[in-house]
Amino acid sequence: MRWLPLYHALCFSLLKALAHTVELNNMFGQIQSPGYPDSYPRDSKVTWNITVPEGFRIKLYFMHFNLESSYLCEYDYVKVETEDQLLAIFCGSENTDTEHTPGQEVVLSPGSFMSITFQSDFSDEERFTGFDAHYMAVDVDECREREDEELACDHYCHNYIGGCYCSCRFGYLLHADNRTCRVECSGNLFTQRTGVITSPDFPNPYPKSSECSYEIRLEEGFMISLQFEDIFDIEDHPEVPCPYDYIEIKAGPKVLGRFCGEKAPEPINTQTHNVQIRFRSDNSGENRGWKLSYSATGEECPELKPPVHGKIEPLQAKYFFKDQVLISCDTGYKVLKGNVEMDTFQIECRKDGTWSNEIPTCKIADCGAPAELEHGLVTFSTRNNLTTYKSEIRYSCQQPYYKMYHNISGIYTCSAQGVWMNEVLGENQTTCLPVCGLPKFSRKLIARILNGRPAEKGTTPWIAMLSHPNGEPFCGGSLVGPNWVLTAAHCLHYSLDPEDAILQDFYKISPSDFKIIVGKHWRHRSDETEQHLGVKRIFLHPLYNPNTFENDMALVELSKDPVLNDFVMPICLPEGPPEEGTMVIVSGWGKQFLQRFPETLMEIEIPIVGHHTCQEAYAPLKKNVTRDMICAGLKEGGKDACAGDSGGPMVTLDNDRGQWYLVGTVSWGYDCGKKDRYGVYSDIYRNKNWIQKVTSKRN
Numbered sequence: 070m071r072w073l074p075l076y077h078a079l080c081f082s083l084l085k086a087l088a089h090t091v092e093l094n095n096m097f098g099q100i101q102s103p104g105y106p107d108s109y110p111r112d113s114k115v116t117w118n119i120t121v122p123e124g125f126r127i128k129l130y131f132m133h134f135n136l137e138s139s140y141l142c143e144y145d146y147v148k149v150e151t152e153d154q155l156l157a158i159f160c161g162s163e164n165t166d167t168e169h170t171p172g173q174e175v176v177l178s179p180g181s182f183m184s185i186t187f188q189s190d191f192s193d194e195e196r197f198t199g200f201d202a203h204y205m206a207v208d209v210d211e212c213r214e215r216e217d218e219e220l221a222c223d224h225y226c227h228n229y230i231g232g233c234y235c236s237c238r239f240g241y242l243l244h245a246d247n248r249t250c251r252v253e254c255s256g257n258l259f260t261q262r263t264g265v266i267t268s269p270d271f272p273n274p275y276p277k278s279s280e281c282s283y284e285i286r287l288e289e290g291f292m293i294s295l296q297f298e299d300i301f302d303i304e305d306h307p308e309v310p311c312p313y314d315y316i317e318i319k320a321g322p323k324v325l326g327r328f329c330g331e332k333a334p335e336p337i338n339t340q341t342h343n344v345q346i347r348f349r350s351d352n353s354g355e356n357r358g359w360k361l362s363y364s365a366t367g368e369e370c371p372e373l374k375p376p377v378h379g380k381i382e383p384l385q386a387k388y389f390f391k392d393q394v395l396i397s398c399d400t401g402y403k404v405l406k407g408n409v410e411m412d413t414f415q416i417e418c419r420k421d422g423t424w425s426n427e428i429p430t431c432k433i434a435d436c437g438a439p440a441e442l443e444h445g446l447v448t449f450s451t452r453n454n455l456t457t458y459k460s461e462i463r464y465s466c467q468q469p470y471y472k473m474y475h476n477i478s479g480i481y482t483c484s485a486q487g488v489w490m491n492e493v494l495g496e497n498q499t500t501c502l503p504v505c506g507l508p509k510f511s512r513k514l515i516a517r518i519l520n521g522r523p524a525e526k527g528t529t530p531w532i533a534m535l536s537h538p539n540g541e542p543f544c545g546g547s548l549v550g551p552n553w554v555l556t557a558a559h560c561l562h563y564s565l566d567p568e569d570a571i572l573q574d575f576y577k578i579s580p581s582d583f584k585i586i587v588g589k590h591w592r593h594r595s596d597e598t599e600q601h602l603g604v605k606r607i608f609l610h611p612l613y614n615p616n617t618f619e620n621d622m623a624l625v626e627l628s629k630d631p632v633l634n635d636f637v638m639p640i641c642l643p644e645g646p647p648e649e650g651t652m653v654i655v656s657g658w659g660k661q662f663l664q665r666f667p668e669t670l671m672e673i674e675i676p677i678v679g680h681h682t683c684q685e686a687y688a689p690l691k692k693n694v695t696r697d698m699i700c701a702g703l704k705e706g707g708k709d710a711c712a713g714d715s716g717g718p719m720v721t722l723d724n725d726r727g728q729w730y731l732v733g734t735v736s737w738g739y740d741c742g743k744k745d746r747y748g749v750y751s752d753i754y755r756n757k758n759w760i761q762k763v764t765s766k767r768n
């Protein structure tokens, strides 16, 4: 028992004067016991009323606490309360075992008001330092407060000072109640013959307050069947059928349902091609929804059998309205419908159960009669000259004057596509190319004849004579293809003044002004082997200069192909440039050293002369030997081309191949056969690309 001393009673009224109330309106602050950090006075009472704005709560915590300990805090204490609720009461010291000290505890007011009262009694047996507390206004988390209420947000809750608001996930809309999330799920149209329809978010809970509509719209003639699958979970009521959420099906004039609960409806054959499905949910519940698959069938069509040598895809036991099948034939056969051949043919099962067309037949591919081969012939490998799939033909060329293009086998097979095919060339028809540079008659090994020698007949089958209509020859040329003659450009040109060189095409002679004779040996006398040919077109070298004889070269296209034989054959084009010292043969009907024309074709054998040597020989005459020119002859003279030989061939033998090829064409020189005055020829190898480009454009 504690006794009240007399002096305590005398000052009782003075101590009571310490009792007072403090009003606090700040958003934060500090509260301390009277006299802190010294011991607080006896018999004191102080109340702090804290008020913060609406939408905030008050957070209170203690940094120091040291009060007299007592049972149920009867003596000294700190009491925290609101207007109508006791939040906490604390007493004791932090280093005692009492359970009434705040420690790290935080006191949170439910609203914007908190009252804190400090009370000490008349006794002070020890020195107690009181308390140090802090408070602050904190925002009310309305989202957390609404979690367990019916007003909780469906998806997301966003807190702000003084309140909160709800929002929805992507694809959802906020309902008019500002908390429920619904979906816009009306107007869903399905036009495929099979499909799957589910409630929104299936198999997760479907959204609340939503009304969904789905329509299956197919072509008339189909009948739609519905089958609910997997989970079926729609909110139900134990007494009233489907009052909250339900699914309803309209099939033609009939309305099926309402359906709800956990038992799925039985399969439904709607007997119609148009079905509407309506699904409704109210603003409560967490049910998982539904899933249905649909399919459509129509009238059945008769069984199909594939044609002979053909197949049907897809091949199945039954076909219904709108089913399509593709008829194709085995390799080497074509689908035949009427008189039309095609690769495939498609038919469809119609609404009335009939097919849109009859099954066509399969006809073996026929390549037809093979094209004729110019300068060649075609033979069949099978009897009766069959041209159907896998039949074979062989093309061959007229031997020995023509050879097969690229030396291919010439065998063509009728392909499954109905075209003749070669394993190398594909569909492209082969070509017979003239054999070049292989004369039937070889030159005899005789001593070289000074100033030239008569050529043996048939040893130069590529030479051509350019002749005026009256039969007078004026130049030579070389047969370089089935219908092309190469000659000198100056042979087909009138004389020009230097100023008129740019107008060289204007001075080109006309194709009707001359003719080409091949198979010729005698100059004037007729040969039984000669062929007279007209001229179709003339092509001068585009860089030909009539004043310097640069690029002195021209191509003449014949009006028809000459007949190749032992006396008429093209000369080959060179594979590379000739080496200095190579022996070449020049042929022509030009004048000899006695200044008269020979009776027969003449030829000389001379060596190629180095370009530098030839340039030095003509330097005193101020004649320029350009890089497109080749020189040949003897330093001492005596062997040379002469007037009338222009355009004629200069050839040499390729010993490795056994073929003759063209090295140059007679172009110009100084007099004929003079010492140190070599003959100048147009270089064929340097102009080979131009020759091949022009001769490949045969029209």
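Under our numbering, the first residue of the sequence shown is numbered 70, with each subsequent residue one higher.
All residues carry an ideal CB built from backbone N, CA and C; glycine is no exception.
Quick test of your reading: Arg592 and Thr669, contact by CB under 8 Å. State the CB separation rounded to the nearest angstrom.
Right, their Cβ atoms sit about 7 Å apart.
Just the C-alpha distance for Glu298 and Pro334, rounded to the nearest angstrom, thanks.
Going by the C-alpha atoms only, they are around 10 Å apart.
For a quick check, are the C-beta atoms of Gly716 and Gly748 less than 8 Å apart?
No. Outside cutoff.
Give a yes or no on whether the C-beta atoms belonging to Leu502 and Tyr471 are separated by under 8 Å.
A contact, by the Cβ cut-off of 8 Å.
Below 8 Å between beta carbons: does that hold for Gly379 and Asp399?
Contact flag set, yes.
For the stretch 484–492 and the stretch 431–440, state whether three or more C-beta atom pairs, one from each stretch, are separated by less than 8 Å.
Cβ pair count under 8 Å is three or more, so yes.
Tell me, please, which residues DSSP counts as bridged to Phe200.
For Phe200, which the question treats as bridged, DSSP gives the partners Phe134.
Within 8 Å, do at least three Cβ pairs link the stretch 114–122 to the stretch 91–102?
Because the criterion of three Cβ pairs below 8 Å is met, the stretch 91–102 and the stretch 114–122 touch.
Could you give the C-beta distance for Lys744 and Lys692, rounded to a whole number, given that I count them as a contact under 8 Å?
Distance from Lys744 to Lys692 at the Cβ level is roughly 16 Å; contact not present, criterion being Cβ atoms closer than 8 Å.
Asn552 versus Leu627 - alpha carbon distance
Taking the straight line joining both Cα atoms gives about 5 Å.
DSSP three-state label for Val252, please.
In the three-state reduction of the DSSP assignment, Val252 falls in the strand class.
Relative to the alpha-carbon of Arg196, which residue among Leu287, Gly659, Ile381 and Asn135 has its alpha-carbon at the smallest distance?
Distance from the Cα of Arg196 is smallest, within the candidate group Leu287, Gly659, Ile381 and Asn135, for Asn135.
Among Gln684, Phe291, Ser736 and Glu288, which residue has its Cα nearest to the Cα of Asn616?
Nearest C-alpha to Asn616: Ser736.
From the DSSP secondary-structure annotation, give me the bridge partner or partners of Gly495.
Paired residue(s): Asn491.
Residue interval of the alpha helix (DSSP H) (run including Cys505):
No alpha helix (DSSP H) holds Cys505; DSSP gives it neither H nor E.
Drop a sphere of 10 angstroms on the beta-carbon of Leu624, count the other beta-carbons inside from all chains shown, and report buried for 16 or more, exposed for fewer.
Per the 10 Å Cβ criterion, buried.
Once you ignore the five residues that flank Leu373 on each side, which residues in its own chain have a CB closer than 6 Å to its CB?
The answer, listed in chain order, is Ile381.
Would you mind working out which of Phe618, Thr186, Trp658 and Ile699 sits nearest Pro647, comparing C-alpha positions?
For the residues Phe618, Thr186, Trp658 and Ile699, the minimum Cα distance to Pro647 belongs to Ile699.
Do you know how far the Cα of Asp697 is from the Cα of Arg755?
As the crow flies, the alpha-carbon of Arg755 is around 6 Å from that of Asp697.
By the three-class DSSP mapping on this structure, what secondary structure does Glu317 have?
When DSSP states are grouped into helix, strand and coil, Glu317 belongs to the strand group.
Compare the Cα-Cα distances from Tyr241 to each of Gly231, Glu417 and Pro276 and report the closest residue.
Taking the Cα of Tyr241 as reference, the smallest distance to any Cα among Gly231, Glu417 and Pro276 is reached at Pro276.
Assuming contact is defined by CB atoms lying nearer than 8 Å, are Leu561 and Ile578 in contact in what I supplied?
It is a contact, given that the beta carbons lie within the stated cut-off.
Let me check understanding here. Comparing Cα to Cα, which of Thr263, Phe187, Phe328 and Tyr750 lies closest to Cys311?
For Cys311, the nearest C-alpha among the options comes from Phe328.
Helix, strand or coil: how does DSSP classify Arg286 here?
Three-state result, Arg286: strand.
Within a Cβ cutoff of 6 Å, which residues of the same chain sit near Tyr229, ignoring the five residues on either side of it in sequence?
The answer is none, since no qualifying residue turns up.
Under the three-state DSSP convention, the category Ile753 falls into
DSSP places Ile753 in coil when its eight states are reduced to three.
Cutoff 6 Å; reference Arg238; Cβ partners in own chain excluding five residues on either side:
Within the same chain, Arg238 has close Cβ partners His224.
What is the DSSP secondary structure of His475, reduced to helix, strand or coil?
Helix at His475.
Endpoints, the alpha helix (DSSP H) within which Tyr747 is located
That residue, Tyr747, is in no alpha helix (DSSP H); it is neither H nor E in DSSP.
The stretch 302–320 contacting the stretch 354–367, beta-carbon criterion three pairs below 8 Å
Contact holds: three or more Cβ-Cβ distances are below 8 Å.
Roughly how many whole angstroms lie between the Cα atoms of Leu752 and Leu722?
The sequence shown places Asp at residue 752, rather than the Leu named in the question. So the alpha carbons of these two residues sit roughly 16 Å apart.
CA nearest to the CA of Pro439, picked from Arg347, Met490, Arg419 and Asn273
Nearest of Arg347, Met490, Arg419 and Asn273 to Pro439, Cα basis: Met490.
Closer than 7 Å by C-beta to Phe348: which residues in its own chain qualify, once you throw out the five before and the five after it? Chain order, please.
Counting only Cβ-Cβ distances below 7 Å, and skipping sequence neighbours, we find Ser268, Cys281 and Ile316.
Selected residue, minimal CA-CA separation from Ser294, among Ala365, Asn273, Thr456 and Ala245
Comparing Cα positions, the closest option is Ala365.
With DSSP collapsed to three states, give me the class of Trp531.
In this structure, Trp531 counts as coil in the three-state DSSP scheme.
Per DSSP, what kind of secondary structure is Pro689 in: helix, strand or coil?
In the three-state reduction of the DSSP assignment, Pro689 falls in the helix class, which pools H, G and I.
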